[in-house]
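Residue 682 is where the sequence shown starts when you use our numbering, and the numbers rise one by one after that. Glycine residues also receive a C-beta, built at the ideal position from the N, C-alpha and C atoms. Computed from a prediction, not measured in an experiment: that's the story for all the values here.
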Amino acid sequence: MNPGALLDAATLRTLVPPAALNPDNFQELAGKAYVEAIPAGSTLFRAGELDRKTVYLLEGEVELTSAQRVKTTVQGGTELARHPLVNQQPRQHTAIARTPCRVTRLDSDLLDILLTWDQLAGIEVEEIRADETGSREGDWMTRILQSRAFLQVPPTNIQAMFMRMQELPLAAGATVIRQGDEGDYYYIIRSGKAKVTRLARTGSEITLAQLAEGDAFGEEALLSEAQRNATITMLTDGVLMRLSKADFNSLLKEPMLSRVSLEDARRRVAEGARWLDVRLDSEHAAGGVPESLCIPLFALRLKADSLDPATEYICFCDTGRRSSAAAFLLSERGLRTSVLAGGLIGAGLSGAVAGPRA
């Protein structure tokens, strides 16, 4: 079906979770949110389909039928309709328009990437691991190996990482990465100093941090599969070591992520692990896993110290993208984490409407 007119921004702002996006990411989504007119009796989607769309009912009435033939009716304009229609993939329900309807279908991957990027904004740079006196003495390689981020990485992977790293000499003033660029490398400063800046919507440049020998940066854009959310510029002459995205994923990301099935996750929770929902509070309230702890991804670094290091946390979101980023960041802090493979949608637990809640 050919898309109709673009959905007006005011209506899009009422939907969860698009309403939580920052202005830039919201506009990116708004430019791809079209309104469809659905005649009465038409099928929006069928059980078993894999359409990778997040569907919102704007007007009209839709009947949802589960595989067990349980029927639920959703009315446009209600609080329930602010959330996606039973968002599992493959579809676990058939949706039929009982009256003429207006809907919008958002690309699920685009929405999830924008949410991940949005929540990671402002934390592109790995925290500086200097002591409180600011001392940065010692070999850069030794400092990297002593960080908690590498405790879970097999020695062979660490050896391969150093072998595959490329040396990149840069002069003062050189731009290493630029806000808005695609993520391509993970960086470690071997020598020299750099600054982290972000361009505000007013056009002014805000300095977020300064980096020096042994500091690493750039992993968030690789984890979120999104664009850089800060600019790194050399303050002095220096040398960086960089690792390609492919090598970062295979040597660092994957060894630090433990993906578990729904069955295994439930078993671990029964043995003392905790569910950790890294979606927005509004998404958490709409449905997911009962009694789970909710810390949105954007707040995770601020609240990581509140988590119990003796407890395993099973991170989840809708697709597994945000929870993978969360698990990596928590692993860097020495916490035991796992990721629900495929997220709530992959496990058949997603959807604020007539969906099981685990």
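- Sixteen is the threshold: when 16 or more other Cβ atoms of the shown chains lie within 10 Å of the Cβ of P698, as they do, the residue is buried.
- F997 is the residue among W798, W821 and F997 whose C-alpha sits nearest the C-alpha of V941.
- Excluding residues up to 5 positions away in sequence, Y715, V716, E717 and A718 lie with their Cβ nearer than 7 angstroms to the Cβ of G685 in the same chain.
- According to the DSSP assignment, F997 belongs to the beta strand (DSSP E) that extends over Y994 to F997.
- A951 and P720 have their C-alpha atoms roughly 47 angstroms apart.
- Excluding the 5 residues flanking it on each side, D793 has same chain C-beta neighbours closer than 6 angstroms at T1000 and R1002, in chain order.
- For the pair M922 and E848, the CB atoms are nearer than the 8 angstroms cut-off.
- Here K752 is exposed: its Cβ has fewer than 16 other Cβ atoms, across all protein chains shown, within 10 Å.
- The DSSP-derived three-state label of E894 is coil.
- When secondary structure is reduced to three states using DSSP, V767 falls in the coil class, being assigned neither helix nor strand.
- In chain order, R949, G953, A954, R955, R1017, T1018 and S1019 place their CB closer than 8 angstroms to the CB of E993, counting only its own chain and leaving out the 5 sequence neighbours on each side.
- Here the segment 914-931 lies against the segment 856-863, with 3 or more beta-carbon pairs under 8 angstroms apart.
- In this model, L957 and S973 are separated by some 6 angstroms (Cα to Cα).
- Assigned with DSSP and collapsed to three states, L738 falls in strand.
- The bridge partners DSSP lists for F979 come to none.
- Inter-residue distance for S747 and L795 is about 30 angstroms (C-alpha atoms, whole angstroms).
- Shown here for P990: same chain residues with a beta carbon closer than 7 angstroms to its own, the five before and five after excluded, namely G1015 and L1016 in chain order.
- Remark: C-beta atoms of L766 and L745 approach each other more closely than 8 angstroms.
- In the pairwise beta carbon analysis, the segment 872-881 is classified as not touching the segment 963-980: fewer than three pairs are separated by under 8 angstroms.
- DSSP, read as helix, strand or coil, puts D790 in helix.
- Proximity to D896 across W821, Q908 and V959 peaks at W821, based on C-alpha coordinates.
- Where S1019 is concerned, the enclosing beta strand (DSSP E) starts and stops at T1018 to L1021.
- As computed with DSSP, D958 is found in a beta bridge with C975 and F997.
- In the DSSP assignment, G729 falls outside any alpha helix (DSSP H) and carries neither an H nor an E.
- For G919, no alpha helix (DSSP H) run applies; the uninterrupted beta strand (DSSP E) run containing it begins and ends at G919 to S925, by DSSP.
- Here the C-alpha atom of Y737 lies approximately 7 angstroms from the C-alpha atom of A762.
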